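Worksheet for the structure shown next.
There are 4 protein chains.
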Amino acid sequence: MAHKKELRIGLIGTGLMARTHTNGYKRSGDFFPELEYRPVLKTVCARTEEKVKAFAEQWGFESYETDWKAVIARDDIDAVDICTPNDMHADIAIAAAEAGKMVLCEKPLARSVAEAQPMVDAIKKAGVANTVFYNYRRIPAVTLIKQIVDSGKLGKIFHYRANFLQDWTISPELPQGGEALWRLDAEAAGSGVTGDLLAHCIDSAMWLNGVIKDVSAVTETFIKERVHQGTGEVQKVTIDDACIFHCHFENGALGVFEATRYARGHKALNTLEINGEHASLRWDLHDMNYLEMYDHADDAIVRGWKRILITDSDQPYMDKWWIPGTSIGYEHSFVHQVADFLKSLETGEPCEPSFENALMTQKVCEAVINSANSKSWKDTGLV
Amino acid sequence: MAHKKELRIGLIGTGLMARTHTNGYKRSGDFFPELEYRPVLKTVCARTEEKVKAFAEQWGFESYETDWKAVIARDDIDAVDICTPNDMHADIAIAAAEAGKMVLCEKPLARSVAEAQPMVDAIKKAGVANTVFYNYRRIPAVTLIKQIVDSGKLGKIFHYRANFLQDWTISPELPQGGEALWRLDAEAAGSGVTGDLLAHCIDSAMWLNGVIKDVSAVTETFIKERVHQGTGEVQKVTIDDACIFHCHFENGALGVFEATRYARGHKALNTLEINGEHASLRWDLHDMNYLEMYDHADDAIVRGWKRILITDSDQPYMDKWWIPGTSIGYEHSFVHQVADFLKSLETGEPCEPSFENALMTQKVCEAVINSANSKSWKDTGLV
Amino acid sequence: MAHKKELRIGLIGTGLMARTHTNGYKRSGDFFPELEYRPVLKTVCARTEEKVKAFAEQWGFESYETDWKAVIARDDIDAVDICTPNDMHADIAIAAAEAGKMVLCEKPLARSVAEAQPMVDAIKKAGVANTVFYNYRRIPAVTLIKQIVDSGKLGKIFHYRANFLQDWTISPELPQGGEALWRLDAEAAGSGVTGDLLAHCIDSAMWLNGVIKDVSAVTETFIKERVHQGTGEVQKVTIDDACIFHCHFENGALGVFEATRYARGHKALNTLEINGEHASLRWDLHDMNYLEMYDHADDAIVRGWKRILITDSDQPYMDKWWIPGTSIGYEHSFVHQVADFLKSLETGEPCEPSFENALMTQKVCEAVINSANSKSWKDTGLV
Amino acid sequence: MAHKKELRIGLIGTGLMARTHTNGYKRSGDFFPELEYRPVLKTVCARTEEKVKAFAEQWGFESYETDWKAVIARDDIDAVDICTPNDMHADIAIAAAEAGKMVLCEKPLARSVAEAQPMVDAIKKAGVANTVFYNYRRIPAVTLIKQIVDSGKLGKIFHYRANFLQDWTISPELPQGGEALWRLDAEAAGSGVTGDLLAHCIDSAMWLNGVIKDVSAVTETFIKERVHQGTGEVQKVTIDDACIFHCHFENGALGVFEATRYARGHKALNTLEINGEHASLRWDLHDMNYLEMYDHADDAIVRGWKRILITDSDQPYMDKWWIPGTSIGYEHSFVHQVADFLKSLETGEPCEPSFENALMTQKVCEAVINSANSKSWKDTGLV
């Protein structure tokens with residue numbers, strides 16, 4: 055593999071997403087051998103030395119750092135990958151772009167549009183390669199939905215609906231904030247389920263069905279106070295525990311979205327369904343290797359919802375893996391995104407979702423929160 | 055059976071619902087032999103003699119009428135059953151009540167709250183037995199949900215969601231109005247999917263989860279003009295083709311509801327799901343003999359959604375039918391409602407949903423339409 | 055309805071099947087109004103007067119008898135319907151045929167081929183209309199399978215598999231024999247699951263896929279002794295609790311069949327699957343309104359198993375019932391068989407499965423039992 | 055990771071299984087960081103230099119060989135992993151064991167019992183660590199089944215049923231033999247679906263439910279002649295295209311097994327179901343992250359089949375991967391087997407299935423083939 059071009063990675067963060075991204079870098083070479091670029095795990099960064107050292111050893115990074123600025127300052131880093139809590143995305147991304155590094159960023163782009171816009175500006179100004187890990191686009195079934203929708207098979211789209219349902223915060227004993235629980239802290243996360251879960255649904259929706267024009271939302275915080283893990287004190291919960299909104303797409307379709315962490319029995323039930331004039335499609339993450347399709351063009355007496363197992367080599371990405379009938383998992387969506395990013399370096403095409411795409415999702419999320427707070431419809435500003 | 059008390063029925067209408075109700079009357083004796091009352095198919099009424107005569111012969115009515123006032127005027131009628139288009143419900147119900155007849159009415163109660171309120175007043179004043187056919191309460195799986203919810207098993211309720219998805223009006227060639235298509239005519243129906251489909255979901259929801267406090271809705275009319283079957287002319291479509299709303303329940307739960315006739319691939323997909331602190335339940339009409347349940351009290355390593363086949367004799371109504379594993383159908387919900395109505399005559403207890411219950415659903419429907427029209431939240435007035 | 059021809063029924067038996075058949079007679083007029091013949095519930099017969107009197111009253115029979123020979127002797131009976139335990143089928147059927155009555159018989163035809171052959175002979179000699187209630191042929195999804203198979207859509211058939219799984223005899227406390235439990239008594243039933251459950255699977259299989267040539271079987275009796283309900287004594291269990299066999303069909307397909315009453319969690323899981331060169335079909339009774347189909351002719355990237363909801367008016371029998379999306383139940387298969395029998399009286403065509411068809415199934419059942427007993431392959435004698 | 059003990063691997067083969075094993079070696083370090091041993095990809099071997107060189111480069115082997123004897127002769131190899139066609143397993147395994155190498159072998163162990171027995175003898179004599187890749191034991195849902203069965207939760211077992219259904223050889227145009235198609239060549243494979251597919255089912259079955267005592271089988275070869283890829287000539291097909299058998303387990307349960315490559319619509323439908331007195335379990339590879347369970351101990355009115363998503367950290371192996379709701383894939387079963395093998399080197403416990411376990415499966419396969427050929431029951435010799 056000596057002849058490959060190196061893409062030297064500096065990873066910031068050591069949490070769950072640091073693991074999925076790192077796995078993506080390591081697998082891409084094994085399963086996408088045709089790519090010109092080969093990721094090299096140059097360095098990983100976190101504040102706590104003990105933790106980052108262990109992470110570096112486990113995953114095979116060549117070195118580690120405890121200050122993200124040091125990563126950006128290094129000459130031997132081509133790309134900075136941001137896997138920190140949301141409140142650090144902007145500072146790191148802007149500094150990295152200004153230093154001429156490529157920037158890969160975990161979603162959501164930032165805590166707010168105000169924070170995200172300068173990130174996009176910096177990226178554009180620097181002209182650096184960039185991508186945001188809205189990884190569900192790279193689940194093969196979802197990628198196939200994109201192909202089918204783009205083929206025109208569905209005809210006019212009437213409805214789009216999406217859920218992201220979890221149940222892990224139902225217990226009032228669960229603390230908020232700090233290690234592993236920063237997603238429950240609005241200061242660190244920006245919002246609750248809107249930025250964490252609905253952002254995924256919105257990214258998929260606008261990729262598949264075009265931009266969202268306006269929204270009407272409601273949010274709820276079921277548990278009003280929790281102990282903060284950092285301070286040890288009972289504090290007001292400021293995130294949204296649940297969020298529902300309906301909307302108009304630019305193409306005239308109606309949309310309805312719901313996310314919550316209080317849906318007992320659902321773990322990561324990310325779903326989507328599109329109803330078109332001629333056909334409908336649906337998918338969910340708990341059965342991620344299946345795509346469901348209803349085709350009105352079928353013979354009338356045998357029309358029905360087809361459960362399509364996406365494991366054949368002519369289906370997206372699946373020529374890279376095993377044999378028909380043998381499935382892949384969640385982590386593979388990150389491998390695919392890394393592979394597509396590497397490919398984009400060859401072709402010079404952007405690797406979507408770009409920072410610019412992610413800013414659009416940020417705008418919808420912000421309109422959703424504003425709508426819920428004001429109890430009124432809000433334009434997204436995208437049309 | 056000579057010793058049974060007779061309940062002499064005068065049925066108004068000969069459409070689909072006239073068939074389901076009549077079948078209910080005829081089956082109740084076969085399968086609920088313990089009931090004191092026995093329905094007698096005294097007369098059926100419709101404007102077209104040829105049609106009503108054929109209906110009477112097919113189903114075994116003793117006579118027929120072509121003027122509903124004649125039915126009410128007859129001394130040998132104990133109960134009037136209203137299966138007409140919605141625009142005739144009020145006149146018939148009020149006249150029947152004033153004549154001292156029991157009144158059974160197909161849903162929705164009326165086209166508007168303004169029309170429904172006098173119906174309730176008349177019923178109350180007359181003190182006559184009454185019921186409205188929100189039949190889905192009597193699907194055994196739904197009845198069992200009610201029992202489980204009432205047992206407190208679910209704990210605090212966080213979420214309620216319901217859909218009623220169809221696809222039968224997608225073709226722009228479909229005319230509106232007249233025979234079999236009056237549901238597409240706002241003048242006859244009052245509204246589109248809101249009164250036809252969401253009313254069912256709302257009735258179930260408030261039965262299972264308490265009253266809805268306020269709503270925020272959106273409606274859409276996808277096909278703007280259709281030929282009217284009566285006039286033969288292209289006219290503006292005035293019904294709602296689709297309706298989505300979110301809401302607060304009085305108990306603090308968030309609700310989200312959607313109905314449409316443009317969801318390609320769904321025929322009568324009436325669904326409901328309740329997420330509680332300790333357990334969740336869901337059901338849909340396409341798999342009507344199944345109840346799905348997730349119980350957090352199960353051993354942690356084997357928690358999951360259980361698909362419960364409702365065919366055992368210890369489950370609601372099922373001691374009346376066949377053997378474990380053998381299912382019943384849609385029509386049985388009407389048989390059960392008739393049986394429960396007959397039973398209520400024995401006990402003197404009201405047979406819910408009563409006209410009063412149905413008025414509450416009407417108020418929610420009206421708030422939904424008003425919310426959509428004004429693009430703002432509306433109180434239902436029920437809290 | 056005075057102009058209809060009467061088919062005057064004498065029903066022998068008051069158990070579960072007496073109820074399903076009677077319901078069939080009563081519903082056929084309501085839902086198949088075009089038929090020339092109208093069943094009249096003339097008399098019902100059982101040994102215990104109290105029980106038969108109650109049955110007659112509940113279901114509306116004009117009279118009752120306590121001796122089946124009296125039924126056959128009556129001039130006002132056109133057709134005798136046999137719903138007794140299996141050990142009485144032969145005597146009644148032969149006597150009825152000799153008296154020139156039409157004969158409808160619950161399955162299996164008899165306890166053995168030796169018993170069944172004279173029944174067929176008597177029927178043929180008398181030339182009377184006849185049918186055997188292998189009712190699952192008339193589940194709309196199964197009828198549709200027949201149409202699809204006959205169209206040639208599947209190409210060469212490679213595999214046929216069928217199960218009938220129950221769990222109601224797992225408890226060793228359950229007695230055998232007598233009222234409601236005669237199916238556990240080999241003397242009354244002929245065999246255990248082979249005649250009770252597999253006979254259904256075999257009838258469907260040979261209807262859909264042609265005759266079975268040879269079989270290799272195993273049976274098991276898990277509980278060796280039970281209290282007999284009649285004698286109150288512990289006696290050896292002589293029925294087969296479970297039976298598995300594989301076989302060759304005349305068309306070259308391999309078959310595998312299994313029935314048991316010891317499959318914890320399955321109530322009446324009657325299943326079938328056919329794998330053909332170009333397409334496959336499957337169905338099960340627990341989801342009886344669905345047909346599943348895989349069609350290799352679909353576009354390669356969207357091939358999958360389609361779940362077809364059988365509720366549309368262009369699907370078998372469904373123009374008689376409700377609207378798309380609203381399902382029917384187990385009992386409807388009997389209504390359909392009655393309707394088809396009435397229709398056969400108009401057309402003069404036999405109403406299959408005839409006694410002759412049922413004898414073929416009997417021969418397979420007997421080969422299965424013989425194979426299990428001898429631990430060797432047995433020819434069915436049908437090829 | 056410098057402090058880890060090395061396990062230096064010499065891999066023979068570059069086909070599909072060479073890829074799954076190699077991926078297992080590479081992932082085990084990332085996800086099982088606590089293990090003392092670290093696999094080192096020392097060398098890979100195949101006859102064609104071009105192919106083996108490319109494989110070595112893609113996957114990061116330090117070297118390659120073109121003669122398997124050279125691998126065994128190398129001092130820097132601790133363990134030989136055999137991923138060749140079945141006809142080479144015995145020679146390599148015996149030579150490796152005699153050279154004191156650990157031996158890991160892809161299943162089935164050999165083409166026959168006669169070939170497999172000396173392999174077990176050699177392994178035992180050498181006293182080397184060994185394992186056979188019946189990988190499905192390490193699917194978390196299957197591992198959990200083992201735990202539940204061993205807990206006694208199911209009570210007495212009545213039934214075991216398993217399928218392995220594929221459809222990739224339906225076309226008569228498909229050639230047999232040679233590269234990628236040696237599984238269709240009895241000379242190379244030993245048998246058809248029996249050794250390729252049923253062997254997996256049998257290994258799982260005997261692990262979960264104890265040994266199989268005797269079998270009665272049927273096999274079929276649907277396509278009688280195919281072009282051989284090596285010779286280019288039309289030759290007789292000598293493998294079994296399909297195989298069905300029923301059997302007795304030592305514990306008294308009945309078993310039924312079926313495998314085929316002619317089940318249109320099924321890709322790798324490896325299924326199993328166990329019916330016990332108190333509970334039942336089922337699983338299939340197409341929904342590999344789910345376990346289904348029916349528990350008779352549940353409240354009577356809410357008994358049903360539970361669909362358990364196996365993604366929680368308290369379920370087998372899942373503490374190593376992602377978060378609740380996010381699934382893993384087929385390849386992970388090999389990662390788990392590698393990790394368990396590495397662990398066994400620490401503990402000194404055998405890593406099952408051992409060569410000895412695999413010999414038992416071989417004996418059942420051989421009894422199955424003999425039974426089919428002789429059309430008679432055959433003892434497995436295991437009881």
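Chains as they are written, first to last, in this note's numbering: chain L, 55 to 437; chain G, 55 to 437; chain F, 55 to 437; chain Y, 55 to 437.
Here a beta-carbon is modelled for each residue, glycine too, at the ideal position from N, C-alpha and C.
From a predicted model like this one, the values you see are computed outputs, not experimental measurements.
- Where F:Lys-429 is concerned, there is no enclosing alpha helix (DSSP H), because DSSP gives it neither an H nor an E.
- Taking a C-beta distance under 9 Å as the contact criterion, L:Ile-211 and L:Ile-328 qualify as a contact pair.
- Per DSSP, the unbroken beta strand (DSSP E) holding Y:Asp-338 starts and ends at 333 to 338.
- According to the DSSP assignment, Y:Cys-297 belongs to the beta strand (DSSP E) that extends over 296 to 303.
- In the structure shown, F:Arg-237 falls within a helical segment according to DSSP collapsed to helix, strand and coil.
- For the pair L:Gly-67 and L:Glu-160, the CB atoms are nearer than the 9 Å cut-off.
- Within chain F, no C-beta atom comes nearer than 7 Å to that of G:Met-71; the closest sits roughly 10 Å away.
- L:Asn-263: member of the alpha helix (DSSP H) spanning 253 to 263, first to last residue.
- When C-beta atoms of the stretch 405 to 414 of chain Y are compared with those of the stretch 372 to 387 of chain L, fewer than three pairs fall below 8 Å, so the two segments do not count as touching.
- Contacts with chain G at 9 Å (Cβ-Cβ) include L:Tyr-316.
- Sequence-distant partners of F:Ser-117 (beyond 5 residues in either direction) whose C-beta falls short of 6 Å from its own C-beta, in its chain, are Thr-97.
- Look at Y:Gly-249 here: in three-state DSSP terms it is helix.
- Looking at the DSSP output, F:Cys-159 shares a beta bridge with F:Ile-136, F:Val-186.
- If you check the CB distance, Y:Trp-113 and Y:Arg-81 do not come in under 9 Å.
- Taking C-beta separations shorter than 6 Å and ignoring five residues to either side along the sequence, the partners of Y:Glu-346 in its chain run Arg-336, Trp-359, Arg-361, following chain order.
- Between L:Leu-323 and L:Phe-218, the C-beta gap is smaller than 9 Å, which places the two residues in contact.
- Taking 8 Å as the cut-off between beta carbons, the residues of the stretch 364 to 394 of chain Y near chain G are Asp-366, Asp-368, Gln-369, in sequence order.
- Residues of chain F with a Cβ closer than 7 Å to the Cβ of Y:Asn-427 do not exist, since the nearest Cβ in that chain sits about 13 Å away.
- For the pair G:Phe-388 and G:Asn-77, the CB atoms are nearer than the 9 Å cut-off.
- Annotated as distal: L:Phe-109 and L:Ala-393, with beta-carbon spacing of 9 Å or more.
- Residue Y:Asn-184 holds the alpha-carbon nearest to the alpha-carbon of Y:Ile-63 among Y:Glu-88, Y:Gly-209, Y:Ala-243, Y:Asn-184.
- For Y:Tyr-91, the enclosing beta strand (DSSP E) covers residues 91 to 99.
- Within a 10 Å sphere around the beta-carbon of F:Glu-385 sit 16 or more other beta-carbons, which makes this residue buried.
- Boundaries of the beta strand (DSSP E) harbouring F:Glu-279: 279 to 281, taken from the DSSP string.
- Under the three-state reduction of DSSP, F:Gln-289 is assigned to strand.
- DSSP places L:Thr-325 in the strand class (E or B) of the three-state scheme.
- Relative to G:Ile-126, the option among G:Phe-115, G:Met-156, G:Thr-102, G:Ile-277 whose CA is nearest is G:Met-156.
- By the Cβ test, the stretch 225 to 242 of chain F is in contact with the stretch 264 to 280 of chain F, since at least three Cβ pairs between them sit closer than 8 Å.
- Look at the stretch 192 to 207 of chain L: it has no residue with a C-beta under 8 Å from a C-beta of chain Y.
- Annotation for L:Asp-394: the continuous alpha helix (DSSP H) segment containing it runs 386 to 401.
- Nearest in C-alpha terms to F:Asp-338, of all of F:Leu-326, F:Val-310, F:Leu-158, F:Gly-379, is F:Leu-326.
- Contact check for Y:His-340 against L:Ser-381 passes: the beta carbons are separated by less than 9 Å.
- Using a CB distance cut-off of 9 Å, G:Gly-358 counts as an interface residue toward chain Y.
- Non-local beta-carbon contacts of Y:Glu-331 in its own chain, meaning distances under 6 Å to residues more than five positions away in sequence, involve Gly-209, Lys-210 in chain order.
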